[in-house]
Amino acid sequence: APAPRQAPAAPAPVQAPPPAAAPAPAAGGDRSCPACGNMVPPNNMFCGRCGHKMDAAPAPAPAAPAPAPAAPIARGRLVLLQPDGSEGASVPLGDGTTQVGRATHPVLAGDLFLSPVHMSFFFRAGQLVVHDENSMNGLYFRLAPNVPVEMDYGDGLRVGQEFLALVPLAPVVPDAAGTVMAGTERGDAWGRLDQVLGPGIVGNSYACRGERVVCGRERGHVLFPYDGYVSGAHVEIRRQDGRMYVTDLQSSNGTYLRVRGEKTLAPNEILLVGQYLYRVDY
-16 APAPRQAPAA PAPVQAPPPA AAPAPAAGGD RSCPACGNMV PPNNMFCGRC GHKMDAAPAP
44 APAAPAPAPA APIARGRLVL LQPDGSEGAS VPLGDGTTQV GRATHPVLAG DLFLSPVHMS
104 FFFRAGQLVV HDENSMNGLY FRLAPNVPVE MDYGDGLRVG QEFLALVPLA PVVPDAAGTV
164 MAGTERGDAW GRLDQVLGPG IVGNSYACRG ERVVCGRERG HVLFPYDGYV SGAHVEIRRQ
224 DGRMYVTDLQ SSNGTYLRVR GEKTLAPNEI LLVGQYLYRV DY
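All residue numbers for the sequence shown refer to this note's numbering, where the first residue is -16 and numbers rise by one.
(1) Using the Cα positions of Ala190 and Gly174, report the straight-line distance between them to the nearest angstrom.
(2) Counting pairs of beta carbons, one from the stretch 117 to 127 and one from the stretch 224 to 242, are three or more of them closer than 8 Å?
(3) Where does Gly186 sit, in a helix, a strand or coil, going by DSSP?
(4) Is Leu140 helix, strand or coil by DSSP?
(5) Can you say whether Ser268 is buried or exposed, counting buried as having 16 or more other CB atoms within 10 angstroms of its CB?
(6) Classify Pro75 as helix, strand or coil using the three-state DSSP reduction.
(7) Quick check on Phe207: buried or exposed, where buried means 16 or more other Cβ atoms within 10 Å of its Cβ?
(8) List the endpoints of the continuous beta strand (DSSP E) containing Thr81.
(9) With three or more C-beta pairs closer than 8 Å as the rule, is the stretch 243 to 253 touching the stretch 157 to 166?
(10) What do you reckon, are the CB atoms on Val185 and Cys198 nearer than 8 Å?
(11) Quick one: is Arg226 near chain D, going by C-beta distance under 8 Å?
(12) Using the C-alpha atoms, what's the distance from Asn26 back to Val113?
(13) Rounded to a whole number of angstroms, what is the C-alpha to C-alpha distance between Ala108 and Arg262?
(14) Does the stretch 126 to 134 touch the stretch 215 to 233, meaning 3 or more C-beta pairs lie closer than 8 Å?
(15) So, using beta-carbon positions, are Leu97 and Val256 closer together than 8 Å?
(16) By DSSP's criteria, Leu149 is part of a beta bridge. Which residues make up the other side?
(17) Helix, strand or coil, according to DSSP, for Leu95 in the structure here?
(18) On the three-state DSSP scale, how would you describe Gly59?
(19) Using the Cα positions of Leu94 and Gly181, report the straight-line distance between them to the nearest angstrom.
(20) Cβ of Leu111 versus every heavy atom of the ligand MN: is any distance shorter than 7 Å?
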């Protein structure tokens, strides 16, 4: 009898390969491609060697925004006045020191009579102070009409388009041989008023005699007949008890006295600096 037929042996079960371990991120954020082992930058979606699609890399945490610098608090402003009296550009004046000149603000760059840093403004005890930063042409403040202001030798005035300087008379000194240079009798002259044309250049020079000297276009002791910005009787310089005072005689365009060092300013005070008038608001 034929031998009994044996059933075929069952095939051995096929075991699935163990899952690949997740690649560890390398230093610098690069990842290892699980297909070929190539190092892939963290922001690449595919391996540059084999094209394997990479798992999405966690997005880096956004950097905290830098705090915005605090804007300076403006406590006042310097306002340029146009020839017709309207307001032009302005410069804000903050709590700290504000330097103003041809190089500090673009709106002032065109005035060649301004020094690069011409003046500075700061607050002291709640009042605005202006300081001349050794400028070439100085800064001038407008005198109130009919209010005498003390002045001294070496002070400068701007009257219309005239630059004037009050200068003392030099003493008469004999030379080494004892000879005295001859000149006009001084009489009661106590100073002179020089018309300044430029650095070290004097135009006309006027002797200051008596108790008062009046300058104007039509009336007074010193006349500027061709300056249309000078009033008929514009300004008076008076000598009293050994002291000198300047008074604006209600002129149309004002009299301006040069600031020595620094000056405390009143609200709405007018300054003449370079070619332009300015008003301080605070």
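Cβ atoms here follow ideal geometry from the backbone N, Cα and C, with glycine treated the same way.
Looking at the atomic coordinates:
(1) Here residue 190 refers to the residue found at position 207 when the sequence shown is read from its first residue. Here residue 174 refers to the residue found at position 191 when the sequence shown is read from its first residue. Computed Cα separation, rounded: 6 Å.
(2) yes
(3) Position 203 of the sequence shown, counted from the first residue, corresponds to residue 186. Shown here, Gly186 sits in a strand according to DSSP, grouped into three states.
(4) On the sequence shown, position 157 is the one that residue 140 refers to. Strand, per DSSP.
(5) Limits of the chain in this structure are -16 at one end and 265 at the other, which puts residue 268 out of reach.
(6) Position 92 of the sequence shown, counted from the first residue, corresponds to residue 75. Pro75 falls in the strand class under three-state DSSP.
(7) As a first step, residue 207 is located in the sequence shown; it is residue number 224 there, counting from the start. With 16 or more Cβ atoms within 10 Å of its Cβ, Phe207 is classed as buried.
(8) As a working note, residue 81 is residue 98 in the sequence shown. Per DSSP, Thr81 belongs to the beta strand (DSSP E) from Thr81 to Val83.
(9) no
(10) For the purposes of this step, residue 185 is taken as the residue at position 202 of the sequence shown. For the purposes of this step, residue 198 is taken as the residue at position 215 of the sequence shown. Cβ distance not < 8 Å, so Val185 and Cys198 don't count as in contact.
(11) No chain D is present in this structure, which holds just one protein chain.
(12) Here residue 113 corresponds to residue number 130 of the sequence shown, with the count starting at 1. Here residue 26 corresponds to residue number 43 of the sequence shown, with the count starting at 1. Going from the Cα of Val113 to the Cα of Asn26 covers about 59 Å.
(13) As a working mapping, residue 108 is identified with position 125 in the sequence shown. As a working mapping, residue 262 is identified with position 279 in the sequence shown. Computed Cα separation, rounded: 20 Å.
(14) yes
(15) Within the sequence shown, the letter at position 114 stands for residue 97. Within the sequence shown, the letter at position 273 stands for residue 256. Cβ atoms of Leu97 and Val256: closer than 8 Å.
(16) Indexing the sequence shown from 1 puts residue 149 at position 166. According to DSSP, Leu149 bridges with Leu176.
(17) As a working note, residue 95 is residue 112 in the sequence shown. Coil.
(18) Working through the sequence shown from its first residue, we reach residue 59 at position 76. It is a strand residue.
(19) Along the sequence shown, one-based indexing puts residue 94 at 111. Along the sequence shown, one-based indexing puts residue 181 at 198. Checking the sequence shown, residue 94 turns out to be Asp, not Leu. Between the C-alpha atoms of Asp94 and Gly181 there is a straight-line separation of about 17 Å.
(20) Summarising the ligand content, the structure contains no ligands, and the ligand MN is consequently not present.
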